[in-house]
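Take a look at the structure below.
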Amino acid sequence: MIAPMSKKTVKNCWGLEKGSLVERHIAYVPKGTKAVEIVVQTAKKAKNVARVYDTDEGARMIISPAAGEDPEKDAALKSPLECRVRDAMGALIMNLEKLEADVATVNFDLPSGLLDSAILGLEMALYRFRRVVKSEPPKFKLILKQKGKVLPSKALAAGVALGRAVNVARHLTNLPPNWLNPVSYAEFAEEFLSGLKGVKVEVWDEKKLAAEKMDLLLAVGLGSNVPPRLVRIRYAGGSGKKPPVALVGKGVTFDSGGLDIKPAAGMRLMKKDMGGSAAVLAAVFWAATTRAACGIDAYLSLAENSISSKAFRPSDVITGRNGVAVEIHNTDAEGRLVLADALDVAITQKQIPRAVVDVATLTGAIKVALGSQIAGLFSNDRKLTAGLNKAGQVTGDLNWPMPLYQKYRSTFTSNFADVINSPDGFAGAITAALFLEKFVGDLPWAHLDIYAWKDSAEGAWLEAGGSGQGVLCLSEWLTTMA
């Protein structure tokens, strides 16, 4: 059993400060001599992605990412070759660990454009939660080559940076809620992002939140012994001539449902209810690490939705930062409340953002509609919709445009406030998005309703748990906003 983390360990960033997993395996000095030769090639005629030959003389492996056919008929859902190369690295690492090798020489017989995808996949496939938390040393050395020549560190940089960002989001989502709470999360953001060029982090405590009239966020956190926080992260990318984009992440570190308590089965994975904020933090980390040419204002809206005599109640009327009075119809619809106040902060800055994107594990309804691997994309702007949708297709971090059907606004009627927070009935994902739309004004805005979790190992994700959903899509989209 892993012991709870101390204050000192929180400042150590739960193992994430150790850096790239690929780079650690490259630097590792092996203790044995068993070697594996691995060739990664794009031969389409191969029947299997991975073929392994293990003999007394040594082991050999051939990885063919293009093997087999993609069953998808819709071009918008087909996996690009880049994604297949990335995911094939999962098979490479899984078989390599089974061989118990000490040294693995990987020769990439790939076009240069696919190398970044391969390194991204290796970084992701090497991640295991307990190994990172315990800062375990590597078990084998990696020697990476391209067409026979050892790859210099600069050739790894892009893939490593993106892989690290995905793993940061995965790791934060995997942390147990008795370690990661609004206060320790805010401390982590300050510590982990400190020293990155162009990044400034500011934490608003409960006094500052009250002064800013962020009563919706404060209400969600009332039932917990740990008060809410808003983390503002600013990345000064590019020339500064263009306004920044704003990213807002839902960070409910545990969601009991509040007084409208969830059933036990529905509460089991609710440590992942901060997955949207993890994706936002990771996207900023990627941007700063790669010196992306796009300014970003990011907001992590952090609270724990717990149960006590202080918890907010159904029928309470709470006024948001923008002056909208909200009647609480369901305390388990808390994510839209913490986002609403944060969205208002984002759009009322002196330098108004040119686009706002929020990321949230907001509704179970979207999983019913689209499953666990496709995010729901809601937006009031067609250009923004097209950009995020394309970014999702290119990276395999898929989203699907959903309607903001305005007639459903009639379901928000309240006799006691401007709106209720959660109508009964169908179209739960749409009504949640419509609620958020009330807090963004006329700015181009998009909402990604994500699941943030892998229920089983798949592709480059060799461990069930936090998926980092949204990171790949956001990073690709940010490159188009330079």
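First residue of the sequence shown: 1497, per our numbering; consecutive thereafter. Where is the CB? At the ideal position from N, CA and C, for every residue including glycine.
The alpha-carbon separation between P1740 and C1969 amounts to approximately 18 Å. In the same chain as K1569, and ignoring 5 residues on each side of it, no C-beta atom comes closer than 7 Å to its own. Contact annotation: the region 1828-1845 touches the region 1746-1765, with at least three C-beta pairs closer than 8 Å.
A straight-line Cα-Cα distance of about 12 Å links D1612 and L1647. In the three-state reduction of the DSSP assignment, R1850 falls in the coil class, being assigned neither a helical nor a strand state. Unbroken beta strand (DSSP E) runs of no fewer than 3 residues, entirely contained in the region 1655-1688, are not found.
Each residue's CA atom was taken as its position, placing S1797 and P1724 some 8 Å apart. The DSSP-derived three-state label of V1864 is helix. Apart from the 5 residues on each side of it in sequence, V1662 sits with its Cβ closer than 6 Å to the Cβ of M1620, G1964 and V1967 in its chain, given in chain order. Counting along the chain, I1589 sits inside the alpha helix (DSSP H) bounded by residues L1577 to L1595. The beta carbons of T1927 and T1909 sit no closer together than 8 Å. Along the length of the region 1615-1654, whole alpha helix (DSSP H) runs at least 4 residues long occupy 1625-1629, reported in chain order.
In the structure shown, V1820 adopts coil according to DSSP, grouped into three states.
Within its own chain, the residues whose Cβ lies closer than 8 Å to the Cβ of D1877, once the five positions on either side in sequence are excluded, are A1851, P1940, W1941 and A1942, listed in chain order. The beta carbon of A1682 sits closer than 6 Å to the beta carbons of V1699, R1725 and V1727 from its chain, once the five residues preceding and following it are set aside; these are given in chain order. E1698: member of the beta strand (DSSP E) spanning V1695 to W1700, first to last residue. Contact check for T1669 and I1639: beta-carbon distance about 32 Å, past the 8 Å limit, so the pair fails to qualify. With fewer than 16 neighbouring CB atoms inside 10 Å of its own CB, G1691 falls in the exposed class. Close CB contacts of R1730 within its chain, under the 6 Å cut and outside five residues either way in sequence, are with K1696 and D1793 (chain order). Of the residues assessed, Y1795 falls on the buried side of the cut-off, its CB having 16 or more other CB atoms within 10 angstroms. Note on geometry: alpha-carbon atoms of A1956 and E1553 lie some 29 Å from one another. Bounds of any alpha helix (DSSP H) do not take in T1529, whose DSSP letter is neither H nor E.
Taken atom to atom, the span from the alpha-carbon of V1535 to that of A1783 is near 31 Å.
Taking 8 Å as the cut-off, the beta carbon of V1656 is found closer than this to the beta carbon of I1615.
In this structure, the beta-carbon distance from V1599 to K1635 does not fall below 8 Å.
Note that the region 1839-1846 touches the region 1815-1828; at least 3 beta-carbon pairs, one per stretch, sit closer than 8 Å. Taking 8 Å as the cut-off, the beta carbon of A1555 is found closer than this to the beta carbon of Y1549. Exclusion of the five residues before and after T1529 leaves D1598 and V1599 as the residues of its chain whose Cβ lies within less than 8 Å of its Cβ.
F1808 and S1752 have their C-alpha atoms spaced approximately 13 Å apart. Secondary-structure assignment with DSSP links P1897 through a beta bridge to L1873. Bridge partners of E1533 according to DSSP: R1556 and T1601.
Within the same chain, Cβ atoms closer than 6 Å to the Cβ of Q1847 are found at P1739, the five residues on either side in sequence being excluded. For G1771, the enclosing alpha helix (DSSP H) has its first and last residue at G1771 to T1786. When the beta-carbon positions are compared, T1857 and K1758 stay at least 8 Å from each other. Beta-bridge partners assigned by DSSP to I1792: Y1731 and V1741. Comparing alpha carbon positions, the residue from W1510, I1916 and L1658 closest to S1811 is I1916.
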